[in-house]
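Chains as they are written, first to last, in the numbering used here: chain F, 99 to 553; chain D, 6 to 273.
Step one of this worksheet: look at the structure below.
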């Protein structure tokens, strides 16, 4: 299925679409308030963008520096070229620890690598400890948002899921009670988790430490109770110095949820005595993206989700309509790098309104990149044939004024003559499903001009 | 000052009154614009669909058509934005560079080139302004809600200067209407839903006349307004300003009659 098909399915429930749109618009407004409240917010965005540009420009050096410092801290560093290698490395660490049950805090990278199904196939029980992630995990769904994985669900949906899986009373939909049930359920899991996996928000090259930002403290609980901590990170997570971190922590939470800072900003630099800490650094297409001049700066992304909250298409089509780990505008510029043909409708799931670019805390020119991906998709023969030929024909005609004048007149007169049942047939003309066509006037502007002005 | 009028292809064929209003408004502001008849389209529909390479002959035709004018003026921020921003894939000859910088949206031309930031006229209606995203975020015609809570822009100032005209305060000031070029048919469901939400924001907040600087957004919104039979009229801002100025240039002695006649025209 393409994005338009999945989006149409989502919008067919008008009431739910309204709710989804308004919920995320509320988050966008919280972001606005937080951004307006910092007078230097635009300078901060520029600074963050510059730091990331700089880091990407010498990523090889910073990666090696990071690895050296992490190893010196007693951390075991692993390199994974792709998702498969990442999953194999993680499994081998778990097996070496003799563990059969692990806890995992939020990590979009492990979603990207489809780690959960891989581990389960190999007999490892995985529990996601972020509340939203746990909800979608119980429902066997993918997260629909970077920061708010279960944002597509209402409290009634969560109540039903918890009734089925955690034994809460049927019909229970009070958020306080549901959260309490999840908390009790997760505490048990924390206690039996032998290995804890976490994501990484920032990796500091000069210290070899990783920084994890959460609101629930679940990463800390998991890591501090388990014998082994595995931190999984995409290779673009680097920043050069600890001094740079404040720029990003100020932007991340404000852009994501409108909070001044996440509740927990946890620094992990070395294993506790007698324990192990591993960092898995993953490429999985990032080097390829780094080699594309038009798209390399998409790697600046700090996964705040602001572009989703502001995107008028995302808010009305839902995260699952993108069918990619990272949905929304940023997903639409990351996904073609992974599989251009499979995700060929995503760069078109946008009006190019540019709001995503304007909220992006690291100034990724998302809407420009959407436009550029469209060009590459057309050049790679990934456009529907009718569209491709239609555009060729249109270009040919529009470079010929005589033909254009004739074509325009035929279109206008044709619309005047066609019976409404035909011109507005929804099966032939998607425009007319919800909209009237313009009423064709008797005279074009050029005809008026010739008669009135040039006479 | 030699000014070439660019009337976008769909405006030429389906909304001639917008072209006429643009021409007459410029005339009232002392500019006699010329309409070169060989003009066609800026090429945006093909480029936004991913086929900008196919559109190169159209770009070249546009440049040939307008290269001898000091300014090219169009009642469409979106087309202007396309010429300015995306004509970067053809060789940057002197003519191309000139046309790219000399092409102006009508209201930017009025405020920035002519230096007219206030108009004297009358239009006693509640007007809701919908700026196109290409105008808003591409050409920076107004403040952006992503950056500042202060709502302000060139066109809203022009409109506010008109006597009797009240601008609607929207709940979501600058959200996209969902037209998006071919998006409006390829993503029909989302496009229609976005337009629906935009129109109803205006309706809830009292808009009687919905306006903007881009007929493409307005064509889409008008399509929804007419289908849902909503009590709202859709006019390009050039039509409003042209209409408003008409009511004030008449001599005082016969003014009252003419104003009534003009108002009737507007409310018909």
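Ideal Cβ positions, reconstructed from N, Cα and C, are used throughout, including at glycine.
From which residue to which residue does the alpha helix (DSSP H) around residue i run?
| i | result |
| --- | --- |
| residue 357 of chain F | It is not in any alpha helix (DSSP H) - residue 357 of chain F carries neither H nor E in the DSSP assignment. |
| residue 206 of chain F | 206 to 210 |
| residue 84 of chain D | 82 to 91 |
| residue 194 of chain D | 193 to 209 |
| residue 565 of chain F | Absent from the model: residue 565 of chain F. The displayed extent of chain F is 99 to 553, so no value can be given. |
| residue 159 of chain D | 159 to 165 |
| residue 487 of chain F | 483 to 496 |
| residue 11 of chain D | Run containing residue 11 of chain D: none; DSSP gives neither H nor E here. |
| residue 230 of chain D | 220 to 232 |
| residue 155 of chain F | 139 to 155 |
| residue 280 of chain F | 273 to 290 |
| residue 555 of chain F | Because chain F spans 99 through 553 in this model, residue 555 of chain F falls outside it and cannot be assessed. |
| residue 202 of chain F | Note, residue 202 of chain F: premise wrong, no alpha helix (DSSP H); beta strand (DSSP E) at 199 to 202. |
| residue 52 of chain D | 49 to 53 |
| residue 383 of chain F | Per DSSP, residue 383 of chain F belongs to no alpha helix (DSSP H) and is neither H nor E. |
I'd like the span of the beta strand (DSSP E) that includes residue i, first residue to last.
| i | result |
| --- | --- |
| residue 240 of chain D | 238 to 241 |
| residue 76 of chain D | 76 to 79 |
| residue 99 of chain F | Here residue 99 of chain F belongs to no beta strand (DSSP E), and DSSP marks it neither H nor E. |
| residue 330 of chain F | 326 to 332 |
| residue 110 of chain D | 108 to 110 |
| residue 375 of chain F | 374 to 380 |
| residue 213 of chain F | It is not in any beta strand (DSSP E) - residue 213 of chain F instead sits in the alpha helix (DSSP H) that spans 213 to 219. |
| residue 296 of chain F | 293 to 296 |
| residue 35 of chain D | Here residue 35 of chain D belongs to no beta strand (DSSP E), and DSSP marks it neither H nor E. |
| residue 176 of chain F | 174 to 178 |
| residue 311 of chain F | 307 to 312 |
| residue 226 of chain F | 223 to 226 |
| residue 449 of chain F | Segment: none, residue 449 of chain F is in no beta strand (DSSP E) and carries neither H nor E. |
| residue 133 of chain D | 131 to 135 |
| residue 217 of chain D | 214 to 217 |
Rounded C-beta distance between residue i and residue j? I'm assuming under 8 angstroms.
| i | j | result |
| --- | --- | --- |
| residue 485 of chain F | residue 197 of chain D | About 20 angstroms; that fails the 8 angstroms criterion. |
| residue 116 of chain F | residue 108 of chain F | About 12 angstroms; that fails the 8 angstroms criterion. |
Under 7 angstroms: does the beta carbon of residue i sit that close to some heavy atom of the ligand COA?
| i | result |
| --- | --- |
| residue 331 of chain F | Ligands are entirely absent from the displayed structure, and the ligand COA is therefore not among its contents. |
Going along chain F, which residues have a C-beta under 9 angstroms from residue i?
| i | result |
| --- | --- |
| residue 248 of chain D | Those within 9 angstroms of residue 248 of chain D in chain F number zero; the least Cβ separation is about 17 angstroms. |
| residue 25 of chain D | 543, 546, 547 and 550 |
Run through chain F and tell me which residues come within less than 7 angstroms of residue i, C-beta to C-beta.
| i | result |
| --- | --- |
| residue 198 of chain D | 109, 115 and 414 |
| residue 11 of chain D | What residue 11 of chain D touches in chain F: nothing, since even the nearest Cβ is about 11 angstroms away. |
| residue 150 of chain D | 130 |
| residue 18 of chain D | 506, 509, 510 and 542 |
Along chain D, which residues have their Cβ under 9 angstroms away from the Cβ of residue i?
| i | result |
| --- | --- |
| residue 106 of chain F | 192, 193, 194 and 195 |
| residue 136 of chain F | Near residue 136 of chain F there are no residues of chain D at all, since even the closest Cβ is about 12 angstroms away, more than 9 angstroms. |
| residue 475 of chain F | 55 |
| residue 267 of chain F | Simply none; closest approach about 36 angstroms. |
| residue 459 of chain F | Going along chain D, no residue has its Cβ under 9 angstroms from residue 459 of chain F, so there is no contact; the nearest lies around 11 angstroms. |
| residue 102 of chain F | 191, 192, 193, 194 and 195 |
What does residue i touch in chain D if you count any residue whose Cβ is under 7 angstroms from its own?
| i | result |
| --- | --- |
| residue 177 of chain F | Under the 7 angstroms cutoff, chain D gives no residues; its nearest Cβ is about 36 angstroms from residue 177 of chain F. |
| residue 533 of chain F | 197, 225, 228, 229 and 232 |
| residue 492 of chain F | 50 and 51 |
| residue 489 of chain F | 51, 54, 56 and 59 |
Using the beta-carbon of each residue, which ones in chain D are nearer than 8 angstroms to residue i?
| i | result |
| --- | --- |
| residue 497 of chain F | 45, 62, 63, 65 and 66 |
| residue 141 of chain F | Chain D residues near residue 141 of chain F: none, gap ~12 angstroms exceeds 8 angstroms. |
| residue 149 of chain F | Per Cβ cutoff of 8 angstroms: no residues; residue 149 of chain F is ~21 angstroms from chain D at best. |
Residue i versus chain F: which residues are under 8 angstroms apart at the beta carbon?
| i | result |
| --- | --- |
| residue 53 of chain D | 450, 469 and 472 |
| residue 276 of chain D | The first residue shown for chain D is 6 and the last is 273, placing residue 276 of chain D beyond what the model contains. |
### Query
Which residues, taken in chain order from the stretch 414 to 425 of chain F, show a beta carbon closer than 7 angstroms to some beta carbon of chain D?
414 and 415
### Query
Got a sec: which bits of the stretch 374 to 408 of chain F sit with their beta carbon under 8 angstroms from any beta carbon on chain D, in order along the chain?
408
### Against chain F: residues of the stretch 212 to 237 of chain D by CB proximity under 8 angstroms
224, 225, 227, 228, 229, 231 and 232
### Query
Does the pairing of the stretch 10 to 26 of chain D with the stretch 232 to 249 of chain D give three or more beta-carbon distances under 8 angstroms?
yes
### Task
Check distances from the C-beta atoms of the stretch 212 to 238 of chain F to those of chain D and list, in chain order, the residues that come in under 9 angstroms.
none
### Query
At a cut of 8 angstroms, does the stretch 99 to 119 of chain D reach the stretch 410 to 423 of chain F through at least three beta carbon pairs?
no
### Query
Would the stretch 206 to 215 of chain F and the stretch 166 to 185 of chain F be scored as touching if the rule is three or more Cβ pairs under 8 angstroms?
yes
### Task
Would you list, in chain order, the members of the stretch 98 to 117 of chain D that have their beta-carbon closer than 9 angstroms to a beta-carbon of chain F?
none
### Query
Quick check: the stretch 180 to 198 of chain D against the stretch 435 to 449 of chain F, are there 3 or more CB pairs under 8 angstroms?
yes
### Message
To be precise: take each residue of the stretch 424 to 447 of chain F, compare its Cβ to all Cβ atoms of chain D, and keep it if any distance is under 9 angstroms. Which residues remain?
### Response
443, 445, 446 and 447
### Query
Looking at chain D, which residues of the stretch 282 to 316 of chain F have a Cβ within less than 8 angstroms of any of its Cβ atoms?
none
### Task
Could you tell me whether the stretch 384 to 401 of chain F touches the stretch 140 to 158 of chain F, where touching means 3 or more Cβ pairs closer than 8 angstroms?
yes
### Query
Which residues, in chain order, does the stretch 500 to 521 of chain F contribute to contact with chain D at a C-beta distance below 7 angstroms?
502, 506, 509 and 510
### the stretch 498 to 508 of chain F in contact with the stretch 470 to 487 of chain F per 3-pair CB rule at 8 angstroms
no
### Message
Can you confirm whether the stretch 224 to 239 of chain D touches the stretch 530 to 549 of chain F when touching is taken to mean that 3 or more C-beta pairs between the two stretches lie within less than 8 angstroms?
### Response
yes
### Task
Return the residues of the stretch 249 to 280 of chain F that lie within a Cβ-Cβ distance of less than 8 angstroms from chain D, sorted by chain order.
none
#### Entry: the stretch 508 to 525 of chain F in contact with the stretch 78 to 87 of chain D per 3-pair CB rule at 8 angstroms
no
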